[in-house]
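Peer 1: Quick one: structure below, then a few questions.
There are 2 protein chains.
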Amino acid sequence: MLIACIQMEPLIGETARNVARSLDFARQAAERGARLVVLPELANTGYVFETRAEAEALAETVPSGPTVAAWSRLCEELDLHLVAGIAEKAGDKLFNSAVLIGPGGCVGVYRKMHLWGDEKKVFTPGDLPFPVYDTPIGQIAMAICYDGWFPETYRLYALNGARLVCVPTNWVPMPGQPDDRSAMANTLVMAAAHTNGLVIACADRVGVERGQPFEGQSLIVDKTGWPLAGPASRTNEEIILADITLEPRKGIGADNDVLSDRRTDIYAEMLGLDRTDNP
Amino acid sequence: MLIACIQMEPLIGETARNVARSLDFARQAAERGARLVVLPELANTGYVFETRAEAEALAETVPSGPTVAAWSRLCEELDLHLVAGIAEKAGDKLFNSAVLIGPGGCVGVYRKMHLWGDEKKVFTPGDLPFPVYDTPIGQIAMAICYDGWFPETYRLYALNGARLVCVPTNWVPMPGQPDDRSAMANTLVMAAAHTNGLVIACADRVGVERGQPFEGQSLIVDKTGWPLAGPASRTNEEIILADITLEPRKGIGADNDVLSDRRTDIYAEMLGLDRTDNP
Chain A
584 MLIACIQMEP
594 LIGETARNVA
604 RSLDFARQAA
614 ERGARLVVLP
624 ELANTGYVFE
634 TRAEAEALAE
644 TVPSGPTVAA
654 WSRLCEELDL
664 HLVAGIAEKA
674 GDKLFNSAVL
684 IGPGGCVGVY
694 RKMHLWGDEK
704 KVFTPGDLPF
714 PVYDTPIGQI
724 AMAICYDGWF
734 PETYRLYALN
744 GARLVCVPTN
754 WVPMPGQPDD
764 RSAMANTLVM
774 AAAHTNGLVI
784 ACADRVGVER
794 GQPFEGQSLI
804 VDKTGWPLAG
814 PASRTNEEII
824 LADITLEPRK
834 GIGADNDVLS
844 DRRTDIYAEM
854 LGLDRTDNP
Chain B
584 MLIACIQMEP
594 LIGETARNVA
604 RSLDFARQAA
614 ERGARLVVLP
624 ELANTGYVFE
634 TRAEAEALAE
644 TVPSGPTVAA
654 WSRLCEELDL
664 HLVAGIAEKA
674 GDKLFNSAVL
684 IGPGGCVGVY
694 RKMHLWGDEK
704 KVFTPGDLPF
714 PVYDTPIGQI
724 AMAICYDGWF
734 PETYRLYALN
744 GARLVCVPTN
754 WVPMPGQPDD
764 RSAMANTLVM
774 AAAHTNGLVI
784 ACADRVGVER
794 GQPFEGQSLI
804 VDKTGWPLAG
814 PASRTNEEII
824 LADITLEPRK
834 GIGADNDVLS
844 DRRTDIYAEM
854 LGLDRTDNP
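In structure tokens:
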């Protein structure tokens, strides 16, 4: 099954333009054979909000808002699945969310669990415990950007049966990054794929927004941990495509399966200690 | 502080020769300024035991056996710390262990938590819950080889205050490894260091033993996740050295610390589910 990640540059506040551009890219990817398309984090609004009010004015309800409606029409027309980052308004709360849309409409939503930097001033932390969605093309989960700094995210998805994790992201530079190496985010994704037997598809944005540069380098990683496509460039809008297989998970060796080899006896004891320290 | 990893080739069953060779290498590293030296997994015995009886005949009590005594004498003489893999006999059990030795003798032991392949026929899984040892040179923990496939290992060490994790290892080739990339094990170590703010020092073995090839590529990784030394070659015995700083852990950004940003509320709920499934 061919899947695509769209590396694009949303412009802050220009929702109609951003959605139109995302539809163009998704259509191009589908014409090249993609059955599933992944867009960046906050693909419709841009990322660097100056105030919570600015974000609130741009956020939409899910699935009833106009952006999900537009993405859903394309998915219906092209028999496509799509994962995309969106600013979600739910009552008086805002979430940094991702939606999974299929040919029949919105399948599910993920709300970013781990908020980065000024996101904490705008968004409420996610309240949906790592949902895995059963679709005709496989067991799909979602994570967003800084969620990838928490190996817990991928581990819990693997334990819950996910085969593919789609990652809308807006990666920012990390300290110590050598110029000649791909972003540390790429390393984290490879490690997560390998240690959990997951295919992971990351769509990053590019550009500089209100002084904040982004990393690009979108990539699609096989369950062995090695890239199938990408990393894409640091600066250019582009589509990356990979042919993936979502076969049943199997062990890493004749006598070993990473999930069943976990020492849950010890982890639970130690997590218990941690809960006391960090309630 | 300068530290060293010794990439060497133990020969199966030749304990006296292996220990003598490890002492030579450790002395060379100390002469080059190393205050701490890390040796590979099962550095005294070799790795591929044909039977449990073969392993039992080679295993020693800790700290009273002759190998720990020999390593301890060197540490006392050179005011050195040393971490090394050893086959440990404790009553009627065998453990794939690592010892931490200082100038005053044996400081502590770690027993491999996650056993790989035929190790399950020889060793008992570790029963010491991820100990962190407070030494004059810093908070030191140990992990062995396949333990690194479990992000839980490093996360629990970071939560318990470790600054440096020493990894005696016998890495074997993983499926899908491209010829032009460093071992996937290197990627796992970089990700673990970055997501936990840990310095990690891995001493691998080289050579082919009873048909089993090993990966070499020992490396020392900074808390940013980027290598300070190595990866070493795939095939040659060598010493790698790095100057490390074990300063107090700090956040990854102005508003973010990976450990305090963890969603322990959600993880605990989901680990609870897992304990029911995998008791």
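Residue numbers (the numbering used here), protein chains in the order written: chain A, 584 to 862; chain B, 584 to 862.
Glycine included, each C-beta is placed from N, C-alpha and C at the ideal position.
Return yes when the Cβ of Ile827(A) is within less than 9 Å of the Cβ of Val755(A), no when it is not.
Peer 2: Cβ distance not < 9 Å, so Val755(A) and Ile827(A) don't count as in contact.
Peer 1: Does DSSP put Tyr850(B) in a helix, in a strand, or in coil?
Peer 2: It is helical.
Peer 1: Looking at chain A, is there any beta carbon in it that lies within less than 9 Å of the beta carbon of Tyr693(B)?
Peer 2: Tyr693(B) does not count as touching chain A.
Peer 1: Report yes or no: is there a C-beta of chain B within less than 9 Å of the C-beta of Pro761(A)?
Peer 2: Closer than 9 Å: yes.
Peer 1: For Asn769(B) and Gln800(B), what's the separation of their Cα atoms in angstroms?
Peer 2: Using only the alpha carbons, I get a separation of about 8 Å.
Peer 1: At the 9 Å Cβ level, is Ala613(B) part of the contact set with chain A, yes or no?
Peer 2: It does not: the Cβ of Ala613(B) has no partner Cβ on chain A nearer than 9 Å.
Peer 1: Starting from Phe678(A), trace the beta strand (DSSP E) both ways and give me its first and last residue.
Peer 2: Taken as a continuous stretch (DSSP letters only), the beta strand (DSSP E) holding Phe678(A) covers 676 to 685.
Peer 1: To test your reading of the DSSP string, which unbroken beta strand (DSSP E) runs of 3 or more residues are found completely within the region 609 to 688 of chain A?
Peer 2: Within the region 609 to 688 of chain A, the complete beta strand (DSSP E) runs of at least 3 residues are 619 to 621, 664 to 673, 676 to 685.
Peer 1: Among Val631(A), Arg845(A), Ser680(A), Thr644(A), which one has its Cα closest to the Cα of Val750(A)?
Peer 2: Of the candidates Val631(A), Arg845(A), Ser680(A), Thr644(A), the one whose C-alpha sits nearest the C-alpha of Val750(A) is Ser680(A).
Peer 1: Check the Cβ of Pro758(A) against every Cβ in chain B and list those closer than 7 Å, keeping chain order.
Peer 2: In chain order: Thr807.
Peer 1: With a threshold of 16 other CB atoms inside 10 Å of the CB of Leu594(B), please say whether the residue is buried or exposed.
Peer 2: When all chains shown are included, Leu594(B) counts as exposed.
Peer 1: Residues of the region 777 to 800 of chain A with a CB closer than 8 Å to any CB of chain B: list them in chain order, please.
Peer 2: Flagged, chain order: His777, Thr778.
Peer 1: To which residues of the same chain is Asp710(A) closer than 7 Å at the C-beta, ignoring the five residues directly before and after it?
Peer 2: Result list for Asp710(A): Arg694, in chain order.
Peer 1: Does DSSP put Leu771(A) in a helix, a strand or coil?
Peer 2: It is helical.
Peer 1: In whole angstroms, what separates the C-alpha of Gly688(B) from that of Ala599(B)?
Peer 2: Cα-Cα distance, rounded: 20 Å.
Peer 1: How far does the beta strand (DSSP E) with Ala812(A) in it reach, from first residue to last?
Peer 2: Ala812(A) -> beta strand (DSSP E) spans 810 to 812.
Peer 1: Taking all protein chains shown into account, decide if Thr644(A) is buried (16 or more other Cβ within 10 angstroms of its Cβ) or exposed.
Peer 2: Burial call: exposed.
Peer 1: How many Å lie between Pro796(B) and Val789(B) at the Cα?
Peer 2: Cα to Cα, the separation comes out at about 8 Å.
Peer 1: Which ranges does the alpha helix (DSSP H) cover as unbroken runs of at least 4 residues, wholly within the region 697 to 736 of chain A, from first to last along the chain?
Peer 2: If we require 4 residues or more, the alpha helix (DSSP H) runs fully inside the region 697 to 736 of chain A come out as 702 to 705.
Peer 1: Roughly how many angstroms separate the alpha carbons of Tyr850(B) and Thr707(A), rounded to a whole number?
Peer 2: Going from the Cα of Tyr850(B) to the Cα of Thr707(A) covers about 18 Å.
Peer 1: Listed in chain order, which residues of the region 714 to 738 of chain B have Cβ atoms closer than 7 Å to some Cβ of chain A?
Peer 2: Residues passing the 7 Å Cβ filter: Trp732, Phe733, Pro734, Glu735, Arg738.
Peer 1: For the beta strand (DSSP E) containing Ile822(B), name the first residue and the last one.
Peer 2: Run containing Ile822(B): 821 to 826, per the beta strand (DSSP E) assignment.
Peer 1: Apart from the five residues on each side of it in sequence, which residues of its chain come closer than 7 Å, Cβ to Cβ, to His777(B)?
Peer 2: Excluding positions up to five away in sequence, the list reads Thr807, Gly808.
Peer 1: In chain order, what residues of the region 765 to 776 of chain B put their CB closer than 8 Å to some CB of chain A?
Peer 2: Within the region 765 to 776 of chain B, the qualifying residues are Met767, Thr770, Leu771, Met773, Ala774, Ala775.
Peer 1: Would you report the Cα separation of Gly744(B) and Ile720(B), rounded to the nearest angstrom?
Peer 2: If you take the alpha carbons of Gly744(B) and Ile720(B), they lie about 14 Å apart.
Peer 1: Interface residues of chain B around Pro623(A) at Cβ under 8 Å?
Peer 2: In chain order: nothing, as chain B lies at least about 20 Å away.
Peer 1: Going by the DSSP bridge assignment, what does Met591(A) pair with across the sheet?
Peer 2: The partner list for Met591(A) (beta bridge, DSSP) reads Arg788(A).
Peer 1: Counting only Cβ pairs nearer than 9 Å, list the residues of chain A close to Gly813(B).
Peer 2: Within 9 Å Cβ-Cβ: nothing; Gly813(B) doesn't reach chain A, min ~14 Å.
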